[in-house]
Each structure stands twice: as structure tokens, then as C-alpha cells.
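Peer 1: In our numbering, the protein residues as written are 25 to 355.
Input: one structure, supplied below.
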Ligand code: NAD
């Protein structure tokens, strides 16, 4: 297939090119994000390949359909940026990579928690300035603490296992209880019990209308004072404004996020520009907030699996086979 790869970074080229020998697709790489204005770049292509910040809305999809594009291949798991109804209406197939390395995201989540709890990010800077003072670096033992995991799918289960390895008691909440989480040592409880009993709460559910702003002022009010909140799922699962208020009041004791409600900035170097997002700027001022720019997935193993599955999905569509990773099947 002729494929227009949008939001292409050097690492996308590297990992897709490395496996494409086995698939033989004709890949054209574009640094631009896909949106209604840039869709024209896909002229002459059968498929587009997109990532989390591409705006695959109805306008973009209508333009792609006019160009004769028949497939949208997401090189990620989440698909909240794609108007699936518009794709269906236009007879465009949508495929994704439902799993590529739950370990990558789970391990980054633990990395965030360990860094924030033991202030490793601050210690790194202090030591480089020959400041060996320990004031302000006090943490707590993870061992023996209660951790709440919301969403016990592929990533959540791996997170449960890691916390159990640290000797934590793990409470879990999911709309569908997963026996793998129980086998890994988690105990399913109500959301309210998880909120009130957990020293750390970590989010691993998808962004859906039900989980939008799941963590709002009401939810925070049910949590134990000083709770550490962690989000490596999707930004809008947390109401950022409510969390900022709770951080200022000391209700939330620490916040680690790999995702943010408005991720327009992410994946780009904007260090020479004035930051326009005041809410994000405020988050960066807190000593007890740690932010990474949606990098939890970013390991060699994950990028290899993403590339392989993305191109295999396109193989299936090309050969007319049923694609197990299809969200929308072409007409
Ligand atoms: P998954 O589909 O295997 O698991 C998601 C779980 O969330 C399921 O068990 C589901 O039942 C549960 N869930 C759905 N609605 C819920 C609700 N209202 N309350 C509680 N639980 C609910 O997905 P996964 O592979 O474990 O990934 C989880 C999320 O992590 C993805 O949706 C994606 O948004 C995010 N993610 C982030 C990165 C990153 O780099 N930061 C990478 C991959 C995935």
C-alpha cells in the first residue's frame, strides 16, 4: 500500500523502515500533523498512518475520502482523536495497535512514582550544583503502603505486579473486573473505598465519556489528604483545574503525569517559544509535580512492536483479510 505517515519523527522512520522490508509498503513520511488542512499531503496514497496528536476529525476524514484514502492506521492504542462515525460513513477502515508493550508504560509509571516520592529529579539538580543538603528530599517507603489502580487492563495488571513486588497492598477498580489482576495480588473494591484508602492512586483506564474528568473536585474530596496522584493514561481523565486547586490546598500531596488535557505542545521542541498555556505553566511551578511529555510508551521494544503491528494491519487490509485490530471495517 502507499502510505502517508503523518507526525513522523526520526524514530518513526527508523522503526517503520526497519520492519517494512517484510511488508513492502511504500511509505512517505511527513512531519506535519494530520488535520483537515494537511490531509492533501496524502494525495495518491491508499492509507494514512497517524499518532495521538493527529486531528482525525470528520473534516479531515472527508478530505481523505475525496482523495481515495481507504484506511487509517493508528500507530497507538488510544483512538479518542479519531471520528469513527465519520470513518464508517466514508467507508474508511480504521486499525490500531491495541498492545505493544504494557511493560513500557507500567515501568515508566513506577519510574515517575519513585522519582517523585524520593525527589530524584530535584536531587539530580542539587548534586550538579554541589548542594548535598537533604532538606526537602524526604520520601516514604513504598513497602507496606496501599496503592489504588484504576483500570486493570493490560497496563494496569503489569502495574499491579510491580507494586506487589515492592510489598504494597493493591486495591483495584475497573468496570470489568479482571481475574489476572486478582491473580497478580490486587483486591477489587468500590471506587470510593479505593479513593479513601490509597496512599497512591494511579490511572490506567481509557479516556471515554465516562472517564472524562473522573478525577474531579468531588473525587479528590474522597481521597486521603496528601494522596499521590499518577496519570499515564490520557490527560482528560483528570480535571487539571481541580487538581491544581487541590495541590495549592495540600489536599493532593504530589502529582505525576505523563499525559495532559491539552497535549498540543507534546512531541515538539518549543523551548524557544513563550508558553501560552497558563494552566500547564502553573503545573510546572509546583515542587511536588512531575511531568513527562507522553513518553511512557517510548521504548525500543514498544516502537518495534508498534511498527510491526501497524504494517501487519495494513497487510491484512491490502489482502482483504479480517484484521483483528480493526476498529472500523471498510465497506
Ligand atoms: P486496556 O484496554 O487493556 O485496559 C483498560 C482498562 O480500563 C480495561 O480493563 C477497562 O475495563 C478499564 N476501564 C474502562 N472504563 C473504565 C472506567 N470507567 N473505570 C475504570 N476502568 C475502566 O488498555 P491498556 O493497554 O491497559 O491501556 C490503558 C490506557 O493507557 C489506554 O487507553 C491509553 O489511553 C493509555 N496509554 C498511555 C500510553 C502512554 O504512553 N502514556 C501508552 C499506551 C496506553
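Every residue gets a Cβ at the ideal spot worked out from N, C-alpha and C, and that includes glycine.
Do residue 253 and residue 221 count as a contact pair if the criterion is CB distance below 8 Å?
Peer 2: When the beta-carbon positions are compared, residue 221 and residue 253 stay at least 8 Å from each other.
Peer 1: Spatial neighbours of residue 139 within its chain, please: CB distance less than 7 Å, with the 5 preceding and 5 following residues excluded, ordered by chain position.
Peer 2: Excluding positions up to five away in sequence, the list reads 145 and 314.
Peer 1: For a minimum of 3 consecutive residues, which ranges assigned as the beta strand (DSSP E) are wholly contained in the stretch 81-112?
Peer 2: 95-98
Peer 1: For the 8 Å Cβ check, are there 3 or more pairs between the stretch 267-279 and the stretch 303-318?
Peer 2: yes
Peer 1: My assumption, with CB atoms under 8 Å, is that residue 209 sits in contact with residue 188. Please give the rounded CB distance.
Peer 2: 4 Å
Peer 1: What distance in whole Å lies between the Cβ atoms of residue 129 and residue 118, which are believed to be in contact at a cut-off of 8 Å?
Peer 2: Between residue 129 and residue 118 the Cβ distance is about 22 Å, and since that is not below 8 Å, they are no contact.
Peer 1: Between the C-alpha atoms of residue 181 and residue 101, what's the straight-line distance to the nearest angstrom?
Peer 2: In a straight line, the C-alpha of residue 181 is about 16 Å away from that of residue 101.
Peer 1: Quick one: what's got a C-beta closer than 8 Å to residue 125's C-beta in the same chain, skipping five residues either side?
Peer 2: Excluding sequence neighbours, residue 125 sits near 321, 323, 325, 326 and 329.
Peer 1: Please classify residue 99 as buried or exposed, where buried requires at least 16 neighbouring CB atoms within 10 angstroms.
Peer 2: buried
Peer 1: If you draw a straight line from the C-alpha of residue 110 to the C-alpha of residue 86, how long is it?
Peer 2: If you take the alpha carbons of residue 110 and residue 86, they lie about 8 Å apart.
Peer 1: Determine the direct distance from the alpha carbon of residue 274 to that of residue 249, and round the result to whole angstroms.
Peer 2: 7 Å
Peer 1: Is there at least one non-hydrogen atom of the ligand NAD closer than 7 Å to the beta-carbon of residue 180?
Peer 2: yes
Peer 1: Whose C-alpha, out of 241, 39, 245 and 288, is nearest the C-alpha of residue 259?
Peer 2: 288
Peer 1: With DSSP as the reference, identify every bridge partner of residue 50, one or two as the case may be.
Peer 2: 26
Peer 1: Sorry if obvious, but does the Cβ on residue 202 come closer than 7 Å to a heavy atom of the ligand NAD?
Peer 2: yes
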